[in-house]
Amino acid sequence: MQFVKLRISGFKSFVDPTELVIEPGMTGIVGPNGCGKSNLVEALRWVMGETSAKKMRGDDMDDVIFGGTDKRPARNIADVTLSVDNSSRTAPTGFNDFDDLDIQRRIERGSGSDYRINGKIVRARDVQLLFADNASGANSPALVSQGRIGTIINAKPTERRVLLEDAAGITGLHSRRHETELRLKATEANLSRLDDVIVTMDAQLGTLKKQAKQASRYRNLSEQIRRTEAVSLHLRWVAAESALATARLGFNDAEVLVRDRMAEVAAETTKRAADAEGLPRLRQTEAAAAQALQRLVIAREALDAEERRVAEARTANQRRLAQVATDLARERALAEDAGTALTRLTDERDGLIEEQGDEVAVEEAAREALDEARERVDALDRELTALTERTAADEARRGALQRQAAELEQRLATATRRLEEQRRQRAALEAELADRPDMDAAEEAVAAAEEALEIARDRAEAAETTKAAAEATMGRSRDAQQAADAVRARLKAEETALAELLESGSGDLFPPLIDAVTVAPDYEVAIAAALGDDLTAPLDEAAAVHWRSHPALERTEPLPPGAVPLSAKVKAPPALARCLDHIGVVASAAEGDALAPTLSPGQILVTRDGASWRWDGLSVVAGAPTAAAIRLRQRNRLAELRLELDGAEDTAAAARADFETARAAAGEA
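In UniProt numbering, the protein residues as written are 1 to 669.
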């Protein structure tokens with residue numbers, strides 16, 4: 001294997017991409033101090049897997065990246081690629097199919113470095129073994145640095161042995177030998193574990209045989225259940241057919257009843273048509289009579305009101321006539337008194353005139369008496385005139401009232417005659433209306449016939465609809481009931497068989513821990529891979545091997561980022577708490593490989609398909625489910641079956657109720 005080319009970019013003083021071609025023979029690099037000759041050798045050592053920053057003349061591996069100058073900024077990435085001619089096919093098996101190999105090492109500031117061979121990411125150990133097999137490498141004596149010759153001359157025999165082994169080309173054998181020894185130890189551990197597994201499997205063989213017999217019995221019972229279900233379904237079908245025949249007979253009876261009702265409706269319709277021919281005339285007569293009766297009622301009410309008014313006026317006039325007669329008699333008496341007084345005064349006046357010759361005092365008294373008498377006479381004259389006028393007015397009013405009373409008497413007689421005529425007409429109309437029950441009966445008969453016809457039609461349509469709906473519902477209910485019964489029987493058989501299978505393995509003196517553990521679905525294999533046979537140990541301290549509860553640790557190391565604690569998916573006794581806190585679940589094997597180096601002492605990573613990584617480096621690939629995983633799955637399946645069985649029982653009961661309801665509805669239809 002021959003070095004062909006060295007490409008450097010960002011490494012120490014080589015800030016720009018630089019390519020060094022190594023020709024056959026000897027290639028020399030000449031230059032003044034500080035031009036980068038030593039950096040070329042260090043780049044070659046670095047790309048071949050050097051891990052010591054001190055040997056690279058730095059404090060940290062990031063020091064190999066160009067740190068910048070006053071004129072050029074620092075770089076964040078350094079890259080060195082070594083091209084090798086592999087036409088002699090001396091490379092390791094994984095890379096020996098290529099004529100040319102490009103070994104690349106790339107470092108990013110603060111992120112570490114990675115290796116690639118022909119673009120494929122590889123481990124640093126792969127690169128180191130590649131060069132070690134060809135008597136080369138980062139620590140090869142072929143790389144002579146400053147002070148190296150003096151070190152070799154003054155080296156001890158054991159140190160010179162390394163030079164001789166490197167010259168002989170057997171340096172890579174030591175690494176391979178160490179790796180092979182590790183693999184052999186792992187293989188021995190696996191063989192020892194396999195022996196334990198074989199012993200355990202031998203112990204479980206009897207149980208598995210018993211389980212196989214139970215599985216065979218389960219298959220036989222399942223076949224018998226299927227045959228029994230078929231017979232049961234056939235019997236139910238026969239019963240349903242019988243119920244359907246009964247429903248059809250009931251439907252035929254309903255059809256006969258509907259035809260009879262239709263005939264009755266037709267006869268009633270004919271009768272109604274006959275009655276309807278005379279109905280318009282009767283209705284016209286009824287309307288005219290009603291109008292006449294209404295008019296008579298209104299006229300009677302008017303006459304009654306007029307009669308009451310005339311009677312009130314007559315009474316008032318009579319009272320007024322009596323008052324006028326009283327006033328007239330009083331006025332006549334006053335007139336007579338006035339006449340008598342006038343005569344008396346006249347006589348006195350004549351006597352006074354004859355006695356004019358009496359004394360002056362007597363004359364004056366007579367004169368005063370005369371004046372007074374005259375005044376009284378004048379007053380009486382005025383009063384008499386007023387009384388006369390009032391008497392004349394009263395006489396006129398009396399005449400008017402008498403005429404008005406006569407007119408009212410005449411109007412009252414006319415109203416009385418009209419009232420009697422209206423009473424006779426009303427009696428005649430009432431007699432005519434009394435003869436109309438036949439017409440009302442006819443109308444009632446027609447209405448009843450129409451109502452009976454509508455009821456019969458509605459019943460016929462309802463019977464048809466009810467029958468069709470009942471048959472459809474009965475069919476759907478029968479199918480649903482059969483399906484629900486089949487599902488329930490299947491679930492019940494599986495649940496019984498699985499329960500017997502689990503009970504058969506729980507007859508030990510000390511029940512194993514696995515029977516007290518509840519695992520979330522799809523995590524059975526994960527806990528079985530993490531704990532293995534430890535799940536079969538009991539909790540009883542009387543057993544030779546058992547689980548014991550301990551208080552929680554004051555401080556525990558957290559699981560690597562991305563790992564889910566298995567305790568979140570498992571319900572277990574307190575004795576298992578410490579163990580579950582140190583077990584994490586990862587999504588894939590690739591994630592497990594990446595996180596395994598970060599595990600703290602006592603921690604384990606598992607996947608849901610059974611792969612596991614232990615903190616001390618032991619890794620187990622995913623394989624077939626163990627007996628513990630199978631038992632946990634069976635317990636989870638049993639819990640699911642019981643829930644499904646409860647739902648199937650409810651569904652079957654509802655289907656039976658629907659079928660009975662549909663059958664009853666079909667029978668009533």
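Even for Gly, the Cβ is constructed at its ideal location relative to N, Cα and C.
Being a predicted model, the structure only gives us computed values, none of them experimental.
Query: Paired residues, beta bridge with Gly584 - DSSP; Result: Pro565 and Leu605
Query: Buried versus exposed call for His178 [16 or more other C-beta atoms within 10 Å across all chains shown]; Result: exposed
Query: Where the beta strand (DSSP E) through Trp613 begins and ends; Result: Ser612 to Arg614
Query: Given 8 angstroms, three or more beta-carbon pairs between the region 510 to 521 and the region 533 to 545; Result: yes
Query: Neighbourhood of Thr18 by C-beta, 6 angstroms cutoff - its chain only, sequence neighbours within 5 removed; Result: Ile8
Query: Cβ neighbours of Met56 in the same chain (closer than 6 angstroms, five flanking residues each side left out); Result: Glu42 and Val64
Query: Every unbroken alpha helix (DSSP H) within the region 38 to 99, with a cutoff of 4 residues, ordered by chain; Result: none
Query: Between the CA atoms of Met26 and Glu159 - distance to the nearest angstrom; Result: 28 angstroms
Query: Coarse secondary structure for Glu557, derived from DSSP in three states; Result: coil
Query: Bridge-paired residues (DSSP) for Ser113; Result: Ile107
Query: Cβ shell of Lys492 (< 7 angstroms), same chain only, five flanking positions each side left out; Result: Leu645
Query: Ile121 - partner residues in DSSP beta bridges; Result: Arg116
Query: Rounded C-alpha distance that separates Trp613 from His582; Result: 12 angstroms
Query: Through-space distance from Leu618 to Asp60, alpha-carbon basis; Result: 32 angstroms
Query: Burial state of Ala254, where buried means 16 or more other Cβ atoms lie within 10 Å; Result: buried
Query: Nearest to Ile22 (by Cα), restricted to the options Ser13, Ser83, Asp70 and Ala53; Result: Ser83
Query: Distance between Ala622 and Ser567 (C-alpha atoms, nearest Å); Result: 21 angstroms
Query: CB contact flag (Trp615, Leu632, <7 angstroms); Result: no
Query: Three-state secondary structure (DSSP) of Lys12; Result: coil
Query: Validate contact between the region 537 to 557 and the region 567 to 578 using beta carbons, cut 8 angstroms, 3 pairs; Result: yes
Query: Selected residue, minimal CA-CA separation from Leu20, among Gly28, Lys5 and Ile198; Result: Lys5
Query: Cβ pair Pro558, Leu595 closer than 7 angstroms; Result: no
Query: Proximity to Ile107 [Cα-Cα], best of Arg578, Asp79, Glu649 and Asn86; Result: Asp79
Query: Cβ-based burial, Ala305 [other Cβ within 10 Å; buried from 16]; Result: exposed
Query: Between the CA atoms of Ala142 and Ser136 - distance to the nearest angstrom; Result: 7 angstroms
Query: Endpoints, the alpha helix (DSSP H) within which Leu618 is located; Result: Taken as a continuous stretch (DSSP letters only), Leu618 belongs to no alpha helix (DSSP H), as it is neither H nor E.
Query: Length of the line joining the Cα atoms of Ala189 and Ser88; Result: 39 angstroms
Query: Straight-line Cα distance separating Ala563 from Lys156; Result: 50 angstroms
Query: Neighbourhood of Asn86 by C-beta, 8 angstroms cutoff - its chain only, sequence neighbours within 5 removed; Result: Met1, Phe95, Asn96, Phe98, Asp99, Asp100 and Leu101
Query: Assigned secondary structure, Pro157 (DSSP; H/G/I helix, E/B strand, else coil); Result: helix
Query: Straight-line Cα distance separating Gly68 from Gly28; Result: 28 angstroms
Query: Run of the beta strand (DSSP E) containing Val21, from where it starts to where it stops; Result: Thr18 to Val21
Query: N-terminal and C-terminal residue of the alpha helix (DSSP H) that Gly592 is part of; Result: Ala589 to Leu595
Query: Nearest-angstrom Cα separation, counted from Gly31 out to Thr90; Result: 34 angstroms
Query: Arg7 (DSSP reduced to helix, strand or coil); Result: strand
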